[in-house]
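Presented below is the structure to which this report refers.
Residue numbers (my numbering): 12 to 305.
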């Protein structure tokens, strides 16, 4: 039996670790492959609520089998957001609000519309997945949108128990309006009520929750003011105006839907990073599309 030479032993010492390192690298590369369906499965596993059978949280484009290169969370999957996601290597976009201009993302009403067709073409040409994450992000505990927004306001320390009411240091309607504008970098916060009205207890009903929920919050004991995303101007706006005329001082702060929920999708990206580690997860701002000429 011939014994290996020193050179052969040296080569073995070099090639065996190299072989195993290559195998480990191949396994690591394989583990980094993630499909859209696997991402959604992990989301379902990490929610505190059961997944509903009737929900708007569905695929709006793409398939569960699509291999994901990166995930972008956003308030709304605008065409600009989709372009930015693609440029940053993210072919899966998780959006809070609709992609195709109505709550159920029904594309039929605008089937021949050039704007909708352009958006669909971009998505298809770039093999992108768009998934809406609305109902369950609100239903999980804590509500993901409110958690992100409360952190953005810096108001967790003022929260009244587990309610969406905040006992803030006393201020005026005008000062609070300016504070909201500064915090969220917007000049289009609109306010109903006396600018000099003293405010201490503020309720929060974000997004487009509807006037019934607005009225309920405004009638909570000691609530001086309400922050909302949006609402029909002939409902809550006029209710607050009449309340002041009736000698029941109230203030209403209308942030706009985007500004009132977008920080919740910043938090969503951080939440996803806790259990999606193989690929990049980023937040991409949709921003408030409205602006003031002043």
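Every residue gets a Cβ at the ideal spot worked out from N, C-alpha and C, and that includes glycine.
Predicted model only: the values in this text are computed from it and were never measured.
Per DSSP, cross-strand counterpart(s) of residue i
i: residue 214; result: 176, 237
i: residue 78; result: 46
i: residue 317; result: Outside the displayed range of the chain (12 to 305) lies residue 317, so it cannot be described from this structure.
i: residue 103; result: 82, 140
i: residue 182; result: 210
i: residue 265; result: 201, 239
Under 7 Å between C-beta atoms of residue i and residue j
i: residue 143; j: residue 89; result: no
i: residue 3; j: residue 187; result: Outside the displayed range of the chain (12 to 305) lies residue 3, so it cannot be described from this structure.
i: residue 185; j: residue 137; result: no
i: residue 271; j: residue 240; result: yes
i: residue 141; j: residue 72; result: yes
i: residue 145; j: residue 61; result: no
Residue environment, residue i, which counts as buried when at least 16 other CB atoms sit within 10 Å
i: residue 305; result: exposed
i: residue 196; result: exposed
i: residue 124; result: exposed
i: residue 35; result: Residue confidence for residue 35 is low, a pLDDT of 43 falling below 50, so the modelled location carries little weight and cannot support an answer.
i: residue 237; result: buried
i: residue 279; result: buried
i: residue 181; result: exposed
i: residue 225; result: buried
i: residue 301; result: exposed
i: residue 287; result: buried
i: residue 119; result: exposed
Boundaries (first-last residue) of the alpha helix (DSSP H) holding residue i
i: residue 250; result: 249-256
i: residue 201; result: Counting along the chain, residue 201 falls outside any alpha helix (DSSP H), though it belongs to the beta strand (DSSP E) covering 201-203.
Residues near residue i in its chain [Cβ-Cβ closer than 6 Å; skip 5 each side]
i: residue 81; result: 100, 101, 290, 291
i: residue 161; result: 167
i: residue 117; result: none
i: residue 92; result: 85, 295, 297
i: residue 258; result: none
i: residue 248; result: 203
7 Å Cβ shell around residue i - same chain, five flanking residues per side excluded
i: residue 231; result: 176, 214
Unbroken beta strand (DSSP E) run spanning residue i, endpoints
i: residue 70; result: 70-72
i: residue 293; result: 292-294
Own chain, CB closer than 8 Å to residue i, minus 5 neighbours either side, in chain order
i: residue 268; result: 108, 218, 219, 240, 241
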